[in-house]
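Residue numbers (our numbering): -1 to 514. What follows is a single structure, written as structure tokens, with notes after it.
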């Protein structure tokens, strides 16, 4: 009798399990019929050579092109490489590739594609990737053994695994014939191995459409398609159901928080508004006392209150944000102090002398207002600003070519390894970020942290770098926004972040069905 009861319980349990499993499968199937819509904007053609070097540009590209490793909320995870080994000296990396990957044109992906990509990027650097180290290419040797590929670096650097693992892989059968990748346009120019493939792109409208790649080798794509569409008012477009995720201004939070249909995620966005100085065009900027005076004269709390309604964090002049594992907190804060600013400037300018500067900004109302607020404050210490507002892409191009005197720009990538300090502040990188700024002591420290194997010793060096940056202020960090991201979980609820990036709509894993 007991055995019969056990059998009945077991059968009921199995039926329940099957019912739940079927329900889950049905829910996944329904989810895979979803078309997600997001705010558009032209961020370039989504291949490794033609996208814009901003988040919305390279993250679209990453949905199409895979890498050996991927990033989740905690760190690096297997991707095209199902496993990897690092040699004891940290200079050799052996990746074992998955066997079933294929390109979106049906051709199998092989270790030869990886080896080809490494050599091709040496001659033709991608828009984004950081594959240079101390003036040399990061990788100097590649060997193939079956489905394993061994990559060697000429010197140790703590970021080698992340940089090699994040490199996009190109299809050799397409790109081996291409001698000018920036101008290449035609069949195969946007063929990757990733979970989504490009269906349409309209640069004038700033619209994109990607559809899932049904033969994707890995975890299944979560939706049928993703569309980025032009919208004039993103919050209104979200309320009307035209787009499925957006950022909310802080004054609208109460209205959305009281409605159960919405989920709001609050994150420090790892983006900062920065003030760039051109040391060649304005001689006074070479004087660090002038830069320090400007730091005291600019009221960053005022900027946050007036432009973000209080939802922001003042930038650290050591660059790394408070959320970074190597952030050093005991730096000068340069709290607003006009008397201190005037005292510093009185020693650097003759009585009645002024400095006239053009400040270049994008054409968004926020950036223009920010520049006007700076103009009011800096005039009090004899720095007279002329605000020049142009299209954001044109502004970025001018900054890239050092065609400015002073500029405001918002940029991210602040969650990455501290070696980003070398890539941003070193005058020895191929295309320095800062116009004509050089500092020998800083160069030594930046180099030292880039080869240090001991994590604690490296952290101490990075602290010294932050101290020096906070004293020098070669670029002024104004503030970073708090992102209030809103979406409807009933429609789609797989949004996630990466350990080094907090925008929910950017990571590849936000559009993938991950095992539970």
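In this text, a Cβ means the ideal position worked out from N, Cα and C, and glycines have one as well. Just so we're clear, the structure is a prediction, and the values are computed from it rather than from any experiment.
Which of helix, strand or coil does DSSP assign to residue i?
i: residue 369; result: helix
i: residue 37; result: strand
i: residue 339; result: helix
i: residue 495; result: coil
i: residue 236; result: helix
i: residue 197; result: strand
i: residue 95; result: strand
i: residue 403; result: coil
i: residue 163; result: helix
i: residue 222; result: coil
i: residue 108; result: coil
i: residue 438; result: helix
i: residue 281; result: helix
i: residue 507; result: helix
i: residue 74; result: strand
i: residue 398; result: helix
i: residue 90; result: strand
i: residue 248; result: helix
In the DSSP assignment, find the alpha helix (DSSP H) that holds residue i and state where it starts and stops.
i: residue 54; result: 53 to 62
i: residue 422; result: 418 to 423
i: residue 294; result: 286 to 295
i: residue 299; result: 298 to 306
i: residue 255; result: 251 to 255
Is the separation between the beta-carbon of residue i and that of residue j shorter than 8 Å?
i: residue 163; j: residue 66; result: yes
i: residue 71; j: residue 497; result: yes
i: residue 232; j: residue 37; result: yes
i: residue 94; j: residue 146; result: yes
i: residue 332; j: residue 293; result: yes
i: residue 128; j: residue 161; result: yes
i: residue 244; j: residue 484; result: yes
i: residue 220; j: residue 30; result: yes
i: residue 45; j: residue 187; result: yes
i: residue 538; j: residue 284; result: Outside the shown range of the chain (-1 to 514) lies residue 538, about which nothing can therefore be said.
i: residue 465; j: residue 313; result: no
i: residue 270; j: residue 107; result: no
i: residue 304; j: residue 372; result: no
i: residue 169; j: residue 217; result: no
i: residue 504; j: residue 57; result: yes
i: residue 444; j: residue 419; result: yes
i: residue 434; j: residue 379; result: no
i: residue 266; j: residue 495; result: no
i: residue 194; j: residue 88; result: no
i: residue 427; j: residue 421; result: yes
i: residue 334; j: residue 367; result: no
i: residue 64; j: residue 82; result: no
i: residue 200; j: residue 400; result: no
Note down, in chain order, each residue of its chain lying with its Cβ closer than 7 Å to the Cβ of residue i, except the 5 sequence neighbours on either side.
i: residue 134; result: 152
i: residue 35; result: 225, 227, 240, 241 and 242
So, for residue i: in the same chain, excluding its five sequence neighbours on each side, which residues have a beta-carbon less than 6 Å away from its beta-carbon?
i: residue 405; result: 274, 358 and 397
i: residue 48; result: 42
i: residue 112; result: 147 and 167
i: residue 339; result: 291, 294, 295 and 379
Between which residues of its own chain and residue i is the CB-CB distance below 8 Å, once the five residues before and five after are set aside?
i: residue 248; result: 306, 307, 308, 309, 480 and 482
i: residue 280; result: 353, 355, 403 and 404
i: residue 251; result: 262 and 482
i: residue 196; result: 44, 62, 188, 206, 207 and 208
i: residue 116; result: 137, 140, 149 and 165
i: residue 346; result: 282, 285, 287, 288 and 291
i: residue 493; result: 243, 263, 483, 485, 502, 503 and 508
i: residue 202; result: 40
For the beta strand (DSSP E) that residue i lies in, which residues bound it at each end?
i: residue 46; result: No beta strand (DSSP E) contains residue 46, which DSSP labels as neither H nor E.
i: residue 245; result: 243 to 245
i: residue 265; result: 261 to 266
i: residue 411; result: Neither: residue 411 is in no beta strand (DSSP E) and is coded neither H nor E.
i: residue 271; result: 270 to 275
i: residue 312; result: 310 to 312
i: residue 169; result: Per DSSP, residue 169 belongs to no beta strand (DSSP E) and is neither H nor E.
i: residue 81; result: 79 to 84
i: residue 69; result: 67 to 69
Is any heavy atom of the ligand NAD found at a distance shorter than 7 Å from the C-beta of residue i?
i: residue 500; result: Looking at this structure, you won't find the ligand NAD or any other ligand, since it has none at all.
Counting only beta-carbon separations shorter than 8 Å, does residue i have a partner in chain D?
i: residue 460; result: Note that chain D does not occur in the displayed structure, where there is just one protein chain.
- [ ] Run through the region 114 to 149 for me and flag every whole beta strand (DSSP E) of 3 or more residues, listed as ranges in chain order.
- [x] 139 to 143
Task: 3 or more residues per run - each beta strand (DSSP E) lying fully within the region 347 to 396 - done: For the region 347 to 396, the full-length beta strand (DSSP E) segments reaching 3 residues or more read 353 to 359 and 381 to 387 along the chain.
- [ ] Could you name each continuous alpha helix (DSSP H) segment of 4 residues or more that falls completely within the region 446 to 482, going from the start of the chain to the end?
- [x] 453 to 470
Open item on the list: Please give the ranges of any beta strand (DSSP E) in the region 171 to 220, keeping only runs that are unbroken, at least 3 residues long and fully inside the region.
Closed with: 194 to 200 and 205 to 210
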